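With our numbering, the residue at position 10 of the sequence shown is 194, and numbering never jumps.
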Amino acid sequence: MFISHEKINERRQIMWQASRWKHYNDFRVFIMGIKGNDEIFGDGVIYEGVSDEPVQYRGQTGAQDNIIPTADIFTGVIDYYPSNDLTKYLLDLRTYRPKCIQNFWKILKMKWVIIDYLII
Numbered sequence: 185m186f187i188s189h190e191k192i193n194e195r196r197q198i199m200w201q202a203s204r205w206k207h208y209n210d211f212r213v214f215i216m217g218i219k220g221n222d223e224i225f226g227d228g229v230i231y232e233g234v235s236d237e238p239v240q241y242r243g244q245t246g247a248q249d250n251i252i253p254t255a256d257i258f259t260g261v262i263d264y265y266p267s268n269d270l271t272k273y274l275l276d277l278r279t280y281r282p283k284c285i286q287n288f289w290k291i292l293k294m295k296w297v298i299i300d301y302l303i304i
């Protein structure tokens, strides 16, 4: 697992170098998301031609959102998450991931439950 995370971090450094990081503040307000950003977006954003209802999406849901939950499930840390607002927020972010990733997490969790059961 350590080697996998080393490779992930190598790739992230390449992504950072290739990004337009000097222009971060030009688009920062958009990556912060709409949900919870009521001062700027009020009740949300209406996408013309899609729906007449405002929607609110969180920001900052990049590829790293797959890495940490996978590591947490793989190591069993997920079973020790505290019950607080940060945990609720982090679990909510997972709902933004593609269904294939969400299914992968379910399968991974089931495998660890089975392994844990067999060990005990």
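Where a beta carbon is used, it is the ideal one built from N, C-alpha and C, also for glycine. These figures come from a predicted structure and were not determined experimentally.
### Task
Spell out the partners DSSP gives glycine 217 in its beta bridges.
Counting from one through the sequence shown, the residue named residue 217 turns up at place 33. Note: glycine 217 sits in a beta bridge opposite Arg242.
#### Entry: C-alpha distance - serine 235 paired with tyrosine 241, whole-angstrom precision
Here residue 235 refers to the residue found at position 51 when the sequence shown is read from its first residue. Here residue 241 refers to the residue found at position 57 when the sequence shown is read from its first residue. Distance between the alpha carbons of serine 235 and tyrosine 241 is about 14 Å.
### Query
If you count every other CB in all the chains shown that lies within 10 Å of the CB of proline 253, and 16 or more means buried, which is it?
Here residue 253 is taken as the residue at index 69 of the sequence shown, counted from 1. By the C-beta density criterion, proline 253 is buried, having at least 16 other C-beta atoms within 10 angstroms.
### Query
Can at least three beta-carbon pairs, one atom from the stretch 220-237 and one from the stretch 259-267, be found at a separation below 8 Å?
Not touching, per the Cβ criterion.
### Task
Would you identify the three-state DSSP class for valine 261, choosing helix, strand or coil?
The residue given as residue 261 occupies position 77 in the sequence shown. Valine 261 falls in the helix class under three-state DSSP.
### Query
Among the residues of its own chain, which have a CB less than 8 Å from the CB of alanine 255, if the five just before and after it don't count?
Counted from its first residue, the sequence shown places residue 255 at position 71. Once the five neighbours on either side are set aside, the close Cβ partners of alanine 255 are Met185, His189 and Val261.
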